[in-house]
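Here's the structure we're looking at; comments come further down.
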Amino acid sequence: MIRTSARRSGMPADPTAVTGLTAVPLDVVLDDAGLGVRQVAGPVGDRQVAMVHTSEWEDPSQYLLGGELLLTAGRHLGTAPGELDAYVRRLVGAGVAGLGFGLAPVYDEVPPELVSACDRHGLPLLQVPPATPFVAVSRVVHLAMAEARSRELRRMSRAQSDLAAAAARPDAVEAVLRQLASHLSAWTALLDGDGQQLVATGVPPADSARERLLLLAHERGRARAAGGRVPEAAVEHLDGTQLILHTVPGAESGGALQLALVTAARQSSVDRSVAGMGVVLLSLLTGPRHALGADAPTAAALLGALLGAEPAELAELLHPSTEASPSRWLVVAGRRDLVRADRSAPSAGVHLAALGTALGTAYLEVEQGALHAVIPLHGSARGVDEDFPDAVRLGWTLGVSAPAGTTELRAAAAQAERALRRALASGHRAVRHDPGRTGVASLVDADEARSQARRLLKPLPASGSDGLLGTLHAWLAAHGSWDRTAAALGVHRNTVRQRITRVAALLDVDLDDAETRMELWFALRWFDGR
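Laid out in structure tokens, this is it:
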């Protein structure tokens with residue numbers, strides 16, 4: 001006997017999931033004027049029919065899957081008190097979508113007891129006139145199912161095409177999420193193992209729905225980290241919306257990445273198929289190979305770097321110029337919040353892919369909480385005036401250069417580093433280089449200024465674990481505040497004091513003197529590290 005616990009509780013939420021067939025509304029039978037069928041009892045609504053079945057058994061429930069429009073002439077229906085009520089209860093328990101009662105040759109009208117029982121148990125009851133054979137009802141339903149299936153296939157084909165095109169875009173992860181949001185009428189997001197949002201698109205849901213979804217994702221992540229078995233998908237209902245999570249498998253993420261959906265519409269089989277396609281693409285897009293940008297231009301640039309090509313030549317390989325549109329770039333420098341970086345360490349490849357999507361580039365490097373990225377601007381205005389809020393949401397503080405040509409990338413990198421230092425010192429999450437800033441520094445000859453800066457700062461190591469140059473810049477930018485400098489650098493305030501004391505000793509200067517601070521500030525601005 002074929003039964004499931006879900007069907008014992010009544011009509012299945014999705015008959016298609018039980019039968020594997022495309023379901024159609026019960027109204028397709030009622031709306032066909034040629035059939036002359038009308039509803040005489042039960043609820044009026046969007047009840048779905050997955051198949052048509054004819055039975056004269058007193059208890060046909062053992063032969064049903066759920067979702068059927070059951071047709072009967074009532075030949076073997078009991079007439080004793082309570083028998084019709086028991087009959088309807090068995091049908092409802094089997095998940096029948098509706099009952100069609102044929103008039104003649106057994107009954108001239110629908111038994112009133114049957115009408116009352118269907119009203120009582122919430123089963124739609126249809127009256128089939130004598131002139132309408134049951135096979136005609138079945139044909140109408142199956143034609144409607146064929147048309148619905150054709151629409152589903154067309155919809156799946158469009159979704160597949162749109163998702164494939166999205167996956168080929170530079171902002172592939174975000175583009176795939178946008179297409180999922182469009183095709184599923186849902187808010188879509190990519191979450192890490194802690195339930196933290198990496199990228200999101202679509203109309204944001206209510207705060208209660210979003211918070212519940214993130215909590216559910218966090219609980220799934222904890223269960224997986226503890227070695228427990230976690231279903232590939234989870235669904236919850238809250239205030240008329242569906243909260244859906246799909247595990248996105250990946251070698252580096254350990255399966256911790258999750259696709260989140262919030263939608264008011266009930267998920268159909270097509271919706272589940274489209275979401276499944278999205279999961280597969282996101283798994284590929286967030287894998288290590290894609291995160292490293294393993295395409296032909298990138299490979300060519302890498303080979304060029306190994307063979308000693310100049311930066312301008314490498315940039316042209318990655319992003320060729322045309323006479324009408326010379327290539328332009330932004331350079332971004334960043335530092336990530338150390339707490340979030342440690343927490344997300346197991347999904348570094350996932351974070352790299354999400355960060356590339358947030359910045360709109362595959363050309364980035366992340367090492368020990370530091371970011372360096374170049375963003376091509378050719379063919380797109382994105383990034384010129386953008387503060388990259390998605391990257392900031394991932395925990396990054398950013399410094400952004402002015403647009404630069406391929407021969408100006410080193411200067412742009414210096415601009416980005418200076419902007420980052422200003423961001424860290426000021427507490428802003430993103431600061432852009434302002435090429436229009438003028439002042440006393442603009443009156444100084446650049447070569448002479450660089451030469452003087454080298455002489456003044458020569459006693460300080462240009463690099464190293466002590467970070468004296470960076471600490472001095474951050475301390476001056478913070479107007480001598482130990483706490484703000486420590487927060488900007490991610491170190492203890494006593495470490496800042498020790499470094500500044502060492503700077504003063506190496507340079508043999510009094511850092512309490514305002515003029516000395518001013519000279520050092522200008523020197524740092526022009527210092528090129530040589």
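Each residue of the sequence shown is one higher than the one before, starting from 1 at the first, in the UniProt record's numbering.
For every residue, glycine included, the Cβ atom is placed at its ideal position computed from N, Cα and C.
- Under the DSSP assignment, Leu77 falls outside any alpha helix (DSSP H); it carries neither an H nor an E label.
- In the three-state reduction of the DSSP assignment, Pro376 falls in the strand class.
- By the beta-carbon neighbour count (other beta carbons within 10 angstroms, threshold 16), Gln62 is exposed.
- CA-CA distance, Phe388 to Ala402, rounds to 14 Å.
- The Cβ atoms of Leu190 and Leu180 lie no closer than 8 Å to each other.
- For His492, there is no enclosing beta strand (DSSP E), since its DSSP letter is neither H nor E.
- The alpha-carbon of Ala172 is positioned some 10 Å away from that of Thr286.
- Taking a C-beta distance under 8 Å as the contact criterion, Ala419 and Arg432 qualify as a contact pair.
- Taking the CA atoms as reference points, Glu408 sits about 26 Å from Leu456.
- Note that the stretch 216 to 225 does not touch the stretch 143 to 162; fewer than 3 beta-carbon pairs, one per stretch, sit closer than 8 Å.
- The beta strand (DSSP E) runs lying completely inside the stretch 241 to 278 and spanning 3 residues or more are 241 to 247 and 258 to 263, given in chain order.
- Counting the other CB atoms within 10 Å of its CB gives Ser451 a total below 16, which places it among the exposed residues.
- Put simply, the backbone Cα of Val274 is about 45 Å away from that of Leu489.
- Here the alpha carbons of Val115 and Arg393 stand approximately 59 Å from one another.
- Approximately 5 Å separates the beta-carbon atoms of Leu26 and Gly98; this is inside 8 Å, confirming the contact.
- In this structure, the alpha-carbon of Ala206 lies about 11 Å from that of Thr263.
- Fully enclosed alpha helix (DSSP H) runs of no fewer than 4 residues occupy 207 to 225 of the stretch 195 to 243, in order along the chain.
- The C-beta separation of Ala423 from Gly399 comes to about 6 Å, placing the pair in contact by the 8 Å criterion.
- In this structure, the CA atom of Ala217 is about 27 Å from the CA atom of Gln368.
- Nearest to Thr54 by alpha-carbon distance, out of Val24, Asp108, Glu113 and Val128, is Val128.
- Around the beta carbon of Trp329, 16 or more other beta carbons sit within 10 angstroms, so the residue counts as buried.
- Going by beta carbons, Leu364 and His372 fall inside the 8 Å limit.
- Burial is judged here by how many other beta carbons sit within 10 angstroms of a residue's own beta carbon; Trp57 has fewer than 16 and is exposed.
- Pro133 and Arg266 have their C-alpha atoms roughly 34 Å apart.
- Between Leu261 and Leu245, the alpha-carbon positions lie close to 6 Å from each other.
- Here the alpha carbon of Pro459 sits roughly 11 Å from the alpha carbon of Arg502.
- Each of Leu468, Leu77 and Ala449 was checked against the Cα of Ala523, and the nearest Cα belongs to Ala449.
- DSSP places Val173 in the uninterrupted alpha helix (DSSP H) bounded by Ala172 to Leu184.
- Judged by DSSP secondary structure, Thr188 falls outside any alpha helix (DSSP H) and instead within the beta strand (DSSP E) spanning Trp187 to Leu191.
- The three-state secondary structure of Gln368, taken from DSSP, is coil.
- When beta bridges are read from the DSSP output, Arg335 appears opposite Ala370 and Thr397.
- Under the DSSP assignment, His53 falls in the beta strand (DSSP E) whose first and last residues are Met51 to Thr54.
- Non-local beta-carbon contacts of Arg497 in its own chain, meaning distances under 8 Å to residues more than five positions away in sequence, involve Trp482 in chain order.
- Distance from the CA of Pro170 to the CA of Arg158, rounded to the nearest whole angstrom, comes to 21 Å.
- Annotation: His183 to Ser161 spans about 12 Å, alpha carbon to alpha carbon.
- In the three-state scheme derived from DSSP, where H, G and I count as helix and E and B as strand, Val96 is classed as coil.
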